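Please read the structure below before turning to the comments.
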Amino acid sequence: MIVKYFSTGQRPQRRWRTAFTAIRFLRTISHFANKVPKETSVSHFAIDISSNDHDTPYHVFSHLNDVARKTLINMVKEKSIELLNELGGVQRVATILGSNVKEGISDCENDLLHRRNVFGANTYPKPPRRTFLGFSLAALKGSTMIILLVCAVLSLGFSFEQQSESKHGYSRWYDDVSNIVAVFLVVALCAGANFWLSNESREVSYASDDIKVQVVRNGRHFLVSIFDIVVGDVVSLRIGDKIPANGLLLEGFCLQVEESNNGGELDNIISVDVSRNPFLLSGAKVIDGLGFMIVTSVGMDTLWGEIMSSANIDLEETPLQESLHKLTSCIGKAGLAVAMMIFMVLLFNNTQKSFSEMLRAMVGFLNSSMTVLNLAIPEGLPLAVTLTLAYSMKRMKDENVMARKLSSFETMASVTTICSNKTGTLTLNQMKVAELWIGEEAFGGGSLIEIEPGVSKLLKEGLALNNTCIVGEQNAGSTLEISGSPTEKAILEWGATCLGMDIKEIKQDCQVIDVKAFNSERKRSGILMRKANEKAIHTHWKGGAEIILPMCSYYYERNGTVKDMNGEERMELEAIIERMSAKGLRSIAFGHRKVVEQNDQVYEKLEQSGLTLLGIAGLENPCRLGVKEAINLCKEAKVNVKMITGDNVYTATAVAIECGILNGEEETAKVVVEGEQFRNYSVEERMKRIDRIRVMARSSPLDKLLMVQCLQRKGHVVAVTGNGSSDVPTLTKADVVFSMGIQGTVAAKENADIVMLDDSFTSIARLLSWGRCFLSNIHNFIQFQLTVNIAAFVFNFIAAVYCSEAPLTAAQVLWLNLLVDILGVFAFSTNQPTDDLMRNPPADKQELLISYSMWKNLLVQALYQAAILLTLQLKGSIIFRMTKNVKKTVIFNTFALCQVFNVFNARVSEKNKRLEGIVKNKVFLMAIGGVVFLQVMMVEALNKVANTEKLSLTQWCACIGVAALSWLVGWVCQLKSNACS
Ligand SMILES: Nc1ncnc2c1ncn2[C@@H]1O[C@H](COP(=O)(O)OP(=O)(O)OP(=O)(O)O)[C@@H](O)[C@H]1O
Ligand SMILES: [Ca+2]
Numbered sequence: 004m005i006v007k008y009f010s011t012g013q014r015p016q017r018r019w020r021t022a023f024t025a026i027r028f029l030r031t032i033s034h035f036a037n038k039v040p041k042e043t044s045v046s047h048f049a050i051d052i053s054s055n056d057h058d059t060p061y062h063v064f065s066h067l068n069d070v071a072r073k074t075l076i077n078m079v080k081e082k083s084i085e086l087l088n089e090l091g092g093v094q095r096v097a098t099i100l101g102s103n104v105k106e107g108i109s110d111c112e113n114d115l116l117h118r119r120n121v122f123g124a125n126t127y128p129k130p131p132r133r134t135f136l137g138f139s140l141a142a143l144k145g146s147t148m149i150i151l152l153v154c155a156v157l158s159l160g161f162s163f164e165q166q167s168e169s170k171h172g173y174s175r176w177y178d179d180v181s182n183i184v185a186v187f188l189v190v191a192l193c194a195g196a197n198f199w200l201s202n203e204s205r206e207v208s209y210a211s212d213d214i215k216v217q218v219v220r221n222g223r224h225f226l227v228s229i230f231d232i233v234v235g236d237v238v239s240l241r242i243g244d245k246i247p248a249n250g251l252l253l254e255g256f257c258l259q260v261e262e263s264n265n266g267g268e269l270d271n272i273i274s275v276d277v278s279r280n281p282f283l284l285s286g287a288k289v290i291d292g293l294g295f296m297i298v299t300s301v302g303m304d305t306l307w308g309e310i311m312s313s314a315n316i317d318l319e320e321t322p323l324q325e326s327l328h329k330l331t332s333c334i335g336k337a338g339l340a341v342a343m344m345i346f347m348v349l350l351f352n353n354t355q356k357s358f359s360e361m362l363r364a365m366v367g368f369l370n371s372s373m374t375v376l377n378l379a380i381p382e383g384l385p386l387a388v389t390l391t392l393a394y395s396m397k398r399m400k401d402e403n404v405m406a407r408k409l410s411s412f413e414t415m416a417s418v419t420t421i422c423s424n425k426t427g428t429l430t431l432n433q434m435k436v437a438e439l440w441i442g443e444e445a446f447g448g449g450s451l452i453e454i455e456p457g458v459s460k461l462l463k464e465g466l467a468l469n470n471t472c473i474v475g476e477q478n479a480g481s482t483l484e485i486s487g488s489p490t491e492k493a494i495l496e497w498g499a500t501c502l503g504m505d506i507k508e509i510k511q512d513c514q515v516i517d518v519k520a521f522n523s524e525r526k527r528s529g530i531l532m533r534k535a536n537e538k539a540i541h542t543h544w545k546g547g548a549e550i551i552l553p554m555c556s557y558y559y560e561r562n563g564t565v566k567d568m569n570g571e572e573r574m575e576l577e578a579i580i581e582r583m584s585a586k587g588l589r590s591i592a593f594g595h596r597k598v599v600e601q602n603d604q605v606y607e608k609l610e611q612s613g614l615t616l617l618g619i620a621g622l623e624n625p626c627r628l629g630v631k632e633a634i635n636l637c638k639e640a641k642v643n644v645k646m647i648t649g650d651n652v653y654t655a656t657a658v659a660i661e662c663g664i665l666n667g668e669e670e671t672a673k674v675v676v677e678g679e680q681f682r683n684y685s686v687e688e689r690m691k692r693i694d695r696i697r698v699m700a701r702s703s704p705l706d707k708l709l710m711v712q713c714l715q716r717k718g719h720v721v722a723v724t725g726n727g728s729s730d731v732p733t734l735t736k737a738d739v740v741f742s743m744g745i746q747g748t749v750a751a752k753e754n755a756d757i758v759m760l761d762d763s764f765t766s767i768a769r770l771l772s773w774g775r776c777f778l779s780n781i782h783n784f785i786q787f788q789l790t791v792n793i794a795a796f797v798f799n800f801i802a803a804v805y806c807s808e809a810p811l812t813a814a815q816v817l818w819l820n821l822l823v824d825i826l827g828v829f830a831f832s833t834n835q836p837t838d839d840l841m842r843n844p845p846a847d848k849q850e851l852l853i854s855y856s857m858w859k860n861l862l863v864q865a866l867y868q869a870a871i872l873l874t875l876q877l878k879g880s881i882i883f884r885m886t887k888n889v890k891k892t893v894i895f896n897t898f899a900l901c902q903v904f905n906v907f908n909a910r911v912s913e914k915n916k917r918l919e920g921i922v923k924n925k926v927f928l929m930a931i932g933g934v935v936f937l938q939v940m941m942v943e944a945l946n947k948v949a950n951t952e953k954l955s956l957t958q959w960c961a962c963i964g965v966a967a968l969s970w971l972v973g974w975v976c977q978l979k980s981n982a983c984s
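According to the working numbering, the sequence shown is numbered sequentially starting from 4.
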């Protein structure tokens with residue numbers, strides 16, 4: 004044994020340690036094994052010892068000490084087959100853990116609790132979440148805010164100094180504090196929004212981590228959360244499943260798993276079998292075969308747990324957020340430059356004599372420039388994106404859609420092509436056998452059918468054993484409780500009703516020796532089995548009819564006669580399949596071959612030819628309700644929908660017509676293609692045809708990938724849906740990935756940007772409109788914000804240079820700033836998708852953040868505002884005969900009201916429907932109402948704080964009138980652009 008340890012290539016120290024613990028472990032176990040019979044009665048949880056092996060040390064695990072536990076953990080982690088052999092093999096470990104493949108562990112709460120106490124739970128401590136303070140610091144650090152803060156503090160220091168010299172420093176002090184408050188308010192707002200968003204996405208990530216796993220407890224199958232798995236649990240493994248914890252394979256066929264090294268990229272595929280390599284590591288994915296494993300260590304005792312607990316789940320910034328941050332800091336820097344310029348200009352225009360006068364003036368100038376800077380920075384932009392994201396995420400969660408990747412919202416707006424699966428997405432998730440052909444005779448799918456008992460028996464065996472569904476208790480009278488793939492479920496249900504099949508009985512009589520699991524590549528599944536007391540071996544195949552038919556040389560007739568399948572019959576059968584498929588039915592054929600074993604020769608091979616056709620089933624799979632409408636919506640939105648399916652051309656075409664992807668008048672040869680045909684096109688031909696192709700039938704997973712890549716090369720933004728694990732290569736390449744919550748495998752879900760819990764295509768269409776709404780909201784918001792910034796910029800700059808003073812006080816600037824943010828956030832974050840959005844073509848991904856027409860709109864508005872304000876500032880006293888303070892108030896009031904009106908302008912980028920949908924958006928109406936109310940308060944009541952004077956009714960009317968004119972300006976501007984285009 005020692006020698007063997009040296010040859011395993013482990014580090015010497017560890018090897019010794021393992022060997023040492025192994026010996027201790029064995030000793031512990033044998034020690035307790037001797038003690039067990041006495042302890043059984045006192046043990047507070049009892050597992051019925053129904054095993055015939057009476058000296059099995061069943062409750063030993065509860066006495067396992069730390070050393071023994073560690074040995075188990077390390078044995079699997081290090082995949083030490085030597086150690087496993089020392090322990091007596093997989094079955095023995097299962098026995099020690101009080102479990103076996105048929106019965107599993109007890110599902111009694113106490114037992115489970117006990118196991119959790121001894122071995123731990125299958126959870127990992129979550130990485131600590133970022134605090135509000137953390138977000139605040141990040142917001143402060145990441146923006147121009149810090150410059151603003153520094154300047155304000157500096158200025159504050161100046162004013163204190165000044166105050167000590169003269170008694171008039173009071174108002175300056177007040178202004179500086181306003182500036183500082185502004186900074187903190189904005190930072191707090193940003194941090195709050197980020198905090199909310201991170202909470203939302205944490206919830207989503209938690210929900211998507213919570214995978215359901217199929218386990219055996221008390222001999223029954225349960226679906227439990229991965230977090231509830233305990234050591235000793237027997238877990239069923241299927242293609243696409245994720246290994247939920249570390250463990251050993253108890254029983255399995257052709258099991259292959261894909262392990263990722265340290266959760267990283269390097270993936271290696273490993274064959275797992277009971278005798279040579281039974282080790283299964285949590286986090287690995289099953290890519291072929293099937294089996295049952297026993298869990299030996301959970302949670303933090305596995306590498307996966309360690310990785311997950313240290314995983315960084317910080318929010319990544321979406322590309323849009325990134326570019327907005329850049330834009331903001333660019334504008335911030337420009338603002339700073341202008342502020343410095345204003346400062347210099349003021350300084351040179353006012354050369355004072357004494358130093359103290361000079362200093363006082365300087366502080367004033369600094370303050371004015373800071374005020375300009377404050378208004379100039381569009382800090383609301385990133386904020387709006389964050390809030391919109393959080394809001395959309397929440398809304399989607401309410402609609403049973405989980406967004407795993409934030410950037411998918413943006414991409415969704417520019418999707419031009421959707422490649423969709425058929426089963427479950429376009430069609431319902433249930434199938435039903437509509438007809439069955441035996442030979443050339445058809446039977447309906449509803450009631451008991453009469454066929455020769457021999458054929459019936461073989462058919463039943465094929466149906467029941469060559470099937471991966473999990474069947475609950477089958478009581479007479481009650482309906483079967485079956486979970487699994489829709490196809491197999493339909494077949495089992497049909498067998499039970501129409502053949503009177505008793506699944507349990509069949510499973511008892513036959514022993515399955517080998518399994519070839521179904522996948523989309525093979526499109527068939529097969530088993531090898533042996534019946535009790537029979538020296539023969541049976542091969543059963545089931546799969547797509549055109550795939551099984553060539554494997555058959557004979558066929559059964561209803562009365563039990565076997566017939567040769569020569570040319571004519573074969574053609575007749577092919578015609579049957581075609582007719583069935585043209586009705587939209589999925590055709591599945593069943594083939595069988597029996598090989599009698601001569602003498603002592605053991606024969607264990609899944610025959611691929613010389614089968615006898617048992618029958619062909621046609622499964623109906625109706626379209627989902629609303630799919631046709633959803634597809635029409637996509638068409639209207641200039642989004643192509645392509646259906647990719649494993650079914651044959653006829654079925655695919657029929658279903659495509661039924662759900663509106665094809666209208667039935669197209670030339671089938673041009674719009675429908677088979678996977679193989681598509682694969683064999685030359686590159687040029689593929690590129691030429693791809694746009695017209697609407698349906699791909701009999702596709703393999705790689706054809707799907709080829710199609711996506713081809714589309715992308717043509718400049719399409721491609722969204723795909725995926726449910727199988729074989730879809731994964733495609734999923735990693737597509738621009739947006741939807742995965743199915745019900746039908747999807749874990750592997751597909753992990754690669755998805757968006758998981759749809761209801762699997763339906765109608766949700767995809769709705770999501771597209773959400774994505775477009777998101778992008779248009781952001782665009783509108785940018786337009787609105789920048790208008791304010793530019794107007795404020797121009798106005799303040801000119802006013803400061805001409806009049807040597809800032810026209811607005813800091814408190815007023817603070818309020819304007821807040822007003823803009825509040826209005827913007829509420830007006831644009833909570834907008835619902837409108838029908839208009841889905842009538843436009845998808846957004847161009849290459850298009851700039853601010854399009855030409857946006858620039859035009861916002862510049863026109865900004866210049867209009869600046870012009871009005873400047874007129875008031877320079878000529879106001881003459882035109883309206885106002886005092887200086889009243890003039891200031893009028894300017895402030897007009898500016899604020901301009902923004903209120905401009906919000907409506909920005910809500911419409913193309914059409915002149917300023918008020919459309921407003922009434923529905925209560926939040927927005929409330930925000931407008933609140934802002935207007937506060938503005939009135941600022942002018943009429945809070946005069947001290949806001950440095951304002953009360954205004955007369957005429958003055959109010961003038962302010963409102965001038966502000967309202969911005970609608971006219973916007974309207975004219977849009978009229979012109981509509982005329983141009
Ligand atoms: N469980 C199964 N056992 C044997 N054959 C099957 C099984 N399920 C499907 N098939 C056959 O394999 C073909 C491909 O099925 P698959 O489930 O891979 O389709 P798909 O690529 O997912 O497309 P779709 O979205 O239409 O389901 C089907 O047309 C059917 O003939
Ligand atoms: Ca601002």
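Don't be surprised by glycine CBs; every beta carbon is placed ideally from N, CA and C. Remember, predicted model here, so these are calculated numbers, not experimental data.
query	result
What separation, rounded to the nearest whole angstrom, lies between the Cα atoms of Trp858 and Lys336?	20 Å
For Val375, collect the residues of the same chain with a Cβ closer than 8 Å to its Cβ; drop the 5 residues on either side in sequence, then sort them by chain order.	Gly338, Val341, Ala342, Ile345, Ala795, Phe796, Asn799, Phe800, Ala803 and Ala809
Taking Pro381 as the reference, which of Val828, Lys638, Ile214 and Lys435 has the closest Cα?	Val828
What do you reckon, are the CB atoms on Val676 and Val698 nearer than 9 Å?	yes
Any contact of the region 760-775 with the region 414-429, i.e. 3+ C-beta pairs under 8 Å?	yes
Helix, strand or coil for Val711, going by three-state DSSP, please let me know.	helix
What does DSSP give as the partner residues of Val227 in its beta bridges?	Val216
Please classify His47 as buried or exposed, where buried requires at least 16 other C-beta atoms within 10 Å of its C-beta.	With a pLDDT of 29 at His47, under the threshold of 50, the modelled position of that residue is not reliable, and no figure is offered here.
For Asn792, which residues in the same chain have their Cβ closer than 6 Å to its Cβ, ignoring the five residues on either side in sequence?	Ala379 and Pro381
If we count the other Cβ atoms within 10 Å of its Cβ and call it buried at 16 or more, is Leu116 buried or exposed?	exposed
Using CA atoms only, rank isn't needed, just tell me which of Arg627, Gly546, Cys901 and Met396 is closest to Ser763.	Arg627
Quick one, which of Thr957, Lys631, Ala196 and Ser450 has its alpha-carbon nearest Ala437's?	Ser450
On the DSSP bridge assignment, give the partners of Cys513 in chain order.	Lys534
Check whether the Cβ atoms of Thr951 and Lys887 sit closer than 9 Å, and answer yes or no.	no
I need the DSSP call for Phe295, collapsed to helix, strand or coil.	strand
Please specify which runs of the beta strand (DSSP E), each continuous and at least 3 residues long, are wholly inside the region 382-415, giving them in chain order.	404-406
Assign Glu484 to buried or exposed, taking buried as 16 or more other Cβ atoms, counted over all protein chains shown, within 10 Å of its Cβ.	exposed
Any idea if Leu462 is buried or exposed, counting beta-carbon neighbours within 10 angstroms, 16 or more meaning buried?	buried
Return yes when the C-beta of Lys752 is under 8 Å from any heavy atom of ligand 1, and no when it is not.	no
May I have a chain-ordered list of the alpha helix (DSSP H) segments no shorter than 4 residues that lie completely inside the region 705-769?	731-736 and 749-753
Just curious, the alpha helix (DSSP H) that Met347 is in, first and last residue?	Pro322 to Asn352
Distance check for Lys425 and Arg398, CA to CA, integer angstroms please.	27 Å
Terminal residues of the continuous alpha helix (DSSP H) containing Asn1?	Given a span of 4 to 984 for the chain in the structure shown, any question on residue 1 remains unanswerable.
Thr1058 lies in the beta strand (DSSP E); which residues open and close that run?	Absent from the model: residue 1058. The displayed extent of the chain is 4 to 984, so no value can be given.
Can you list, in chain order, the residues of its chain with a C-beta nearer than 6 Å to that of Leu968? Leave out the 5 residues immediately preceding and following it.	none
Mind checking who Val518 pairs with in its DSSP beta bridge?	Ile530
Measuring CB atoms only, is the region 610-621 touching the region 630-645, in the sense that at least three cross pairs come out at less than 8 Å?	no
Enumerate in chain order the residues of its own chain whose CB-to-CB distance from Gly725 is below 8 Å, with the five nearest sequence positions on each side excluded.	Asn424, Val731, Thr733, Leu734, Val740, Phe741, Ser742, Met743, Gly747, Ala751, Asn754 and Ala755
Indicate whether Gly649 and Ser523 have their beta-carbon atoms separated by less than 9 Å.	yes
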